[in-house]
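Trainee:
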Amino acid sequence: MSSLAMRPCGDFRTSYKKDNTIFETKTIRLVATLAIAAACFAPLVLDGYFLTLFIQISYLGIAALGLNILVGFTGQISLGHGAFFGFGAFASAWLNTSFNIPVALCIPLAGFLTMAVGMMFGMPAARIKGLYLAIATLAAQFIIEDFFARAEWFSGGSSGSMAAPVNLLGFEFDTDQSFYYIALFALVFMYIWGCNLMRSRDGRAFVAVRDHYLSAEIMGVKLNKYRLLSFGISSFYAGIGGALYAHYLGYVSAEGFTIFMSIQFLAMIIIGGLGSIKGTLMGVIFMVLLPEMLETGVGLMKYTDWGNIPMVTDGLAYIKEMAIGLVIILFLIFEPEGLAHRWAQIKNYWKFYPFSY
Amino acid sequence: MTETILKVDQISLAFGGVKALTDVSFDVNKGEVFSIIGPNGAGKTSMLNCISGRYRPNKGAIHFDNTDVTNLRPNDRADLGIGRTFQNLALFGHMSVLDNIMVGRHHLMKNNWLTGPLYWASPAQKEELVHRRQVEEIIDFLDISHVRKAVAGTLSYGLRKRVELARAIALKPKLILLDEPMAGMNLEEKEDMARYILDLNEEFGITVVMIEHDMGVVMDISHQVMVLDFGKKLICGLPDEVMADEHVRQAYLGLEEDEQLQEVG
């Protein structure tokens, strides 16, 4: 991903190791490290509302990164990501309650379990493409949803299942303030994992399969293996995200993991930028904050003249939903390559300022 | 010295009623430059596709390095040491040149989706750097170091051809298949490409099988030339023999105008 942009004159690399870094320059790395360090102190200053938003961003962000590895980097498609997210949530709760495995261990285990299930449903992915694959993964969505409703031993059926809070060395992470750290750690860890994946052998193979599968095969990449593996890794991320969600809320019920959620994940990565890791995070932040902003914005309407019209006051919730739809449509029209692309353009603009052409 | 590296035995390939190849056999010796020529639609690229594994022949067998590769998948053939370039560029358009070439090292590397992401805590980083060094040697050899960070899809045609060659060399192949490496190039670029082909043949010891339309180049650098016409082998031999052959002249090189006039009488 590294390019010539944002590299100050005089920053010459003298070894291949220095040229292979995740961050393009030392400055960016320093800024990122400081940002994470500053984030560690956030619970001391911010109130619960913002922490909740952050936690939401982190578990959705992890799952969305998985989808981006599948859709953006490997060029496959999945309409069942929401179901895998839910599977991770139930799996972690189930492992914890049925086998008494400590929650901290349940979360990665749930990831691997979801990975196995994802690869099972990803089997057709190695053979079909495009729309047909979309339909096949849609089937996965409904089959898994149905499984949640029927398999009471696993999901608790219609009553849902309880998920214990994370417990590490006797300390319970059961408040927003404490769970925030779990979320932050998981987010940073999974994003570094993703960055490293994309700069090592298998990540390159994914992109090769996406860009030109025929020549990828000639170059020695096993097509079926990598298409399946991409499905697996994407489900793994979904599972981890779901497990965090479960142990944060403490209670999982099947209603949330519908096709709507899958489409929301797709919207996140399209808005953020397909095939971009930092774009994924931008898209998730955008999608989480947008309803909140609109909530505030629509709330302000009450105080204008519009507030006297009963149709408007009754329909505030709908106006919010429609506004979200509108923003997504506008995004697809004006910025189809996502926030990551816009970010790069802004960066270039300042780099060449004032000669911005 | 004349050890056979590629043995093509009675290959036939048909798409429905269209016979792309009929009973073609030939041997390629280790260390030589072997050219396939012929008019458009003669089956040259089909032949290359059979060797690299994109097509399975209906009949016949292909032996590479004493192994039967007729029914192997393309990626298994890459492991054995067959690399190729394409006639219509087939680079990974959105990857950087460097990553494109690194994909060529795929089958030589070991880190996977578990060890790769652990990067610093696994041998992955060391492995990446070792291969990076070797890839840089190839980049130096082909003079593309100035574009190594550029996105492959944005390069000019001649450069893309070179990157494709680099990617194929990165496989560490014993046999490299080049499908029209010089198509659409100007004289200077052709000269460069011819030199690269000779260098990789002589210095790296890679056997070359290439399809090319530029007769000057083919006759200059090939050790053996095979002529295909309508899916059949017309002749296979030294460049001079092929040039002198009457059938070849009729089928491919065409008769000179005055010769035609003479024939008409």
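These protein sequences, in sequence, are chains A and B. All the letters of the first sequence, read from the start, carry residue numbers 1 to 357 under full-length UniProt numbering. All the letters of the second sequence, read from the start, carry residue numbers 1 to 265 under full-length UniProt numbering. All C-beta atoms in this analysis are idealised placements derived from N, C-alpha and C, irrespective of residue type, glycine included.
(1) Over what stretch of residues does the alpha helix (DSSP H) that includes S122(B) continue unbroken?
(2) At 9 Å on the CB atoms, spell out the chain B contacts of E217(A), in chain order.
(3) Going along chain B in order, which residues have a C-beta closer than 7 Å to the C-beta of W193(A)?
(4) When you compare only the Cα positions, how much space is there between I107(A) and Y49(A)?
(5) How would you list, in chain order, the residues of chain A whose beta-carbon sits under 7 Å from the beta-carbon of E128(B)?
(6) Have a look at E241(B) and I211(B) and give me their C-alpha separation to the nearest angstrom.
(7) By alpha-carbon positions, which one of M287(A), V45(A) and N20(A) ends up nearest to V130(B)?
(8) Does the distance from the C-beta atom of R210(A) to that of H106(B) stay below 8 Å?
(9) Taking all protein chains shown into account, do 16 or more other C-beta atoms lie within 10 angstroms of the C-beta of D143(B), making it buried, or fewer, making it exposed?
(10) I176(B) by DSSP, collapsed to three states: which one?
(11) Is A170(B) closer than 8 Å to I101(B) when the C-beta atoms are compared?
(12) Tell me which residues share the same chain as M1(A) and place their Cβ nearer than 6 Å to its Cβ, disregarding the 5 neighbours each side in the sequence.
(13) Pairing CB atoms from the segment 235-242 of chain A with CB atoms from the segment 65-74 of chain A, are three or more of them under 8 Å?
(14) Smallest Cα separation from V217(B): which of F92(B), G93(B) and A183(B)?
(15) Just list the residues that DSSP pairs residue 281(B) with in beta bridges.
(16) Do V103(B) and A205(A) have their C-beta atoms closer together than 8 Å?
(17) Are at least three pairs of beta-carbons, each pair with one atom in the segment 260-270 of chain A and one in the segment 74-84 of chain A, less than 8 Å apart?
(18) Against chain A, which members of the segment 241-252 of chain B pass a CB distance test of less than 7 Å?
(19) Helix or strand or just coil, what does DSSP make of T175(A)?
(20) According to the Cβ coordinates, are F86(B) and V207(A) closer than 8 Å?
(21) Which of the three DSSP states is assigned to Y349(A) in this structure?
(22) Take residue 361(A) and list the residues in its own chain whose beta-carbon comes closer than 7 Å to its own, dropping the five residues that flank it on each side.
(23) Using the Cβ count rule (16 or more neighbours within 10 Å means buried), how would you classify A166(B)?
(24) In chain B, what lies closer than 8 Å to H212(A) by C-beta?
(25) Taking the straight line between their C-alpha atoms, what separation do you get for S3(A) and A78(B)?
(26) In angstroms with no decimal places, state the Cα-to-Cα distance between F64(B) and S12(B).
(27) Nearest to K161(B) by alpha carbon, out of K172(B), L175(B) and D179(B)?
(28) When DSSP labels each residue in this structure, what does F26(B) get in the three-state scheme?
(29) Per DSSP, D229(B) forms a beta bridge with which residues?
(30) Against chain B, which members of the segment 228-239 of chain A pass a CB distance test of less than 7 Å?
(31) Along chain A, which residues have their Cβ under 9 Å away from the Cβ of I104(B)?
(32) Let's test the definition: count the other Cβ atoms within 10 Å of the Cβ of G283(A) and tell me whether it reaches 16, buried, or not, exposed.
(33) Where do the ends of the beta strand (DSSP E) carrying N36(B) lie?
(34) Can the beta-carbon of K7(B) be found less than 8 Å from the beta-carbon of D27(B)?
(35) So within the segment 91-162 of chain B, which uninterrupted alpha helix (DSSP H) runs reach at least 4 residues, ignoring any that extend past its ends?
(36) Report yes or no: do the segment 182-197 of chain B and the segment 224-231 of chain B share at least 3 C-beta pairs separated by less than 8 Å?
Mentor: Let me spell this out:
(1) Position 122 of the second sequence, counted from the first residue, corresponds to residue 122(B). Element bounds for S122(B): n/a, residue is neither H nor E.
(2) Within the first sequence, residue 217(A) is the residue found at index 217, counting from 1. Neighbours of E217(A) across chain B, judged by C-beta separation under 9 Å: G53, R54, R73, P74, N75 and A78.
(3) Taking the first residue of the first sequence as 1, we reach residue 193(A) at position 193. Those are P117, listed as they occur along chain B.
(4) The residue you call residue 107(A) lines up with position 107 of the first sequence. The residue you call residue 49(A) lines up with position 49 of the first sequence. Their Cα atoms are separated by approximately 25 Å.
(5) As a working mapping, residue 128(B) is identified with position 128 in the second sequence. Ordered by position in chain A, the residues that pass the 7 Å Cβ test against E128(B) are N20 and S200.
(6) Taking the first residue of the second sequence as position 1, residue 241(B) is located at position 241. Taking the first residue of the second sequence as position 1, residue 211(B) is located at position 211. Cα to Cα, the separation comes out at about 18 Å.
(7) Stepping through the second sequence from its first residue, residue 130(B) is reached at position 130. For the residues M287(A), V45(A) and N20(A), the minimum Cα distance to V130(B) belongs to N20(A).
(8) As a position in the first sequence, residue 210(A) is number 210, starting the count at 1. As a position in the second sequence, residue 106(B) is number 106, starting the count at 1. Inclusion of R210(A) and H106(B) in the CB contact set at 8 Å is not warranted, their separation being larger than that value.
(9) In the second sequence, the residue the question calls residue 143(B) occupies position 143. Under the 10 Å beta carbon count, D143(B) is surrounded by fewer than 16 other beta carbons and is classified as exposed.
(10) Reading the second sequence from its first residue, position 176 is the one you call residue 176(B). The three-state reading of DSSP puts I176(B) in strand, counting E and B together.
(11) Residue numbering aside, residue 101(B) sits at position 101 when the second sequence is read from its first letter. Residue numbering aside, residue 170(B) sits at position 170 when the second sequence is read from its first letter. Going by C-beta atoms, I101(B) is nearer than 8 Å to A170(B).
(12) Your numbering for residue 1(A) matches position 1 in the first sequence. Any answer about M1(A) is weak, because its pLDDT of 41 lies below 50 and its placement is not dependable; what the coordinates show is given next. Within the same chain, M1(A) has no close Cβ partners at all.
(13) yes
(14) Looking up residue 217(B) in the second sequence gives position 217. The option with the nearest alpha carbon to V217(B) is A183(B).
(15) Any question about residue 281(B) goes unanswered here, given that chain B covers just 1 to 265.
(16) Taking the first residue of the second sequence as 1, we reach residue 103(B) at position 103. Taking the first residue of the first sequence as 1, we reach residue 205(A) at position 205. It is a contact, given that the beta carbons lie within the stated cut-off.
(17) Contact between the segment 260-270 of chain A and the segment 74-84 of chain A is present: three or more C-beta pairs spanning the two stretches fall below 8 Å.
(18) none
(19) The residue labelled residue 175(A) in the question sits at position 175 within the first sequence. In the structure shown, T175(A) sits in coil (DSSP, three-state: anything other than H, G, I, E or B).
(20) By 1-based counting over the second sequence, the position of residue 86(B) is 86. By 1-based counting over the first sequence, the position of residue 207(A) is 207. Not in contact: F86(B) and V207(A) (Cβ atoms no closer than 8 Å).
(21) The residue labelled residue 349(A) in the question sits at position 349 within the first sequence. Helix at Y349(A).
(22) The requested residue 361(A) is not part of the displayed model; chain A covers only 1 to 357.
(23) Mapped onto the second sequence, residue 166(B) falls at position 166. By the neighbour-count rule (16 or more Cβ atoms within 10 Å), A166(B) is buried.
(24) The sequence position of residue 212(A) within the first sequence is 212, counting from 1. Neighbours of H212(A) on chain B, chain order: A90, L91, F92 and G93.
(25) Position 3 of the first sequence holds residue 3(A). Position 78 of the second sequence holds residue 78(B). For S3(A), the predicted model reports a pLDDT of 49, less than 50, meaning its position is unreliable and no value from the coordinates is stated.
(26) Residue mapping note: residue 64(B) aligns to position 64 of the second sequence, counting from 1. Residue mapping note: residue 12(B) aligns to position 12 of the second sequence, counting from 1. Rounded to the nearest angstrom, the two C-alpha atoms are 17 Å apart.
(27) Numbered from 1 along the second sequence, position 161 holds the residue referred to as residue 161(B). Checked all of K172(B), L175(B) and D179(B); the closest Cα to K161(B) is D179(B).
(28) Mapped onto the second sequence, residue 26(B) falls at position 26. Strand at F26(B).
(29) In the second sequence, counting from the first residue as 1, residue 229(B) sits at position 229. Per DSSP, K232(B).
(30) The segment 228-239 of chain A vs chain B, Cβ under 7 Å: L229 and I233.
(31) In the second sequence, counting from the first residue as 1, residue 104(B) sits at position 104. A quick correction: the sequence has Gly, not Ile, at residue 104(B). M219 and G220, listed in chain order.
(32) Position 283 of the first sequence, counted from the first residue, corresponds to residue 283(A). Buried, by the Cβ-count rule.
(33) The residue labelled residue 36(B) in the question sits at position 36 within the second sequence. Residue identity check: residue 36(B) is Ile in the sequence provided, not Asn. Element bounds for I36(B): V33 to I37.
(34) In the second sequence, counting from the first residue as 1, residue 7(B) sits at position 7. In the second sequence, counting from the first residue as 1, residue 27(B) sits at position 27. For K7(B) and D27(B), yes; Cβs fall inside 8 Å.
(35) 97-104, 115-118 and 124-141
(36) Counting Cβ pairs under 8 Å, fewer than three are found: no touch.
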